[in-house]
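Notes for the one structure printed next.
In our numbering, the protein residues as written are 117 to 198.
Written as structure tokens, this is what we have:
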């Protein structure tokens, strides 16, 4: 559920700013788009993965073709979205 919330928040940020956030932490702040319109924060805080075996944080990356990936790994499983 946390990873879906992160995906939704990144998508909302991108819709408002016309670019993806540089880091997930940007989702917890008010953002002003190029038109001077503010929105956010898009999340109250960034959740942590379900247990310590999953590592301390979600990984987030964007790429040149305009998509993003959020992932967490632990217990022999890797979860990615979208």
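Beta carbons are placed, not taken as given, at the ideal position from N, Cα and C, and that holds for glycine.
Exercise. What are the residues that DSSP puts in a beta bridge with residue 147?
Worked result: According to the DSSP secondary-structure assignment, residue 147 is paired through a beta bridge with 155.
Exercise. Is residue 133 closer than 8 angstroms to residue 143 when the C-beta atoms are compared?
Worked result: With contacts defined by Cβ atoms closer than 8 angstroms, residue 143 and residue 133 do not form a contacting pair.
Problem set entry | Cβ-based burial, residue 180 [other Cβ within 10 Å; buried from 16] | It counts as exposed.
Exercise. Count the other CB atoms within 10 Å of the CB of residue 139; is the residue buried (16 or more) or exposed (fewer)?
Worked result: Under this definition residue 139 is an exposed residue.
Exercise. Between which two residues does the alpha helix (DSSP H) carrying residue 124 extend?
Worked result: Here the alpha helix (DSSP H) through residue 124 covers 118-133.
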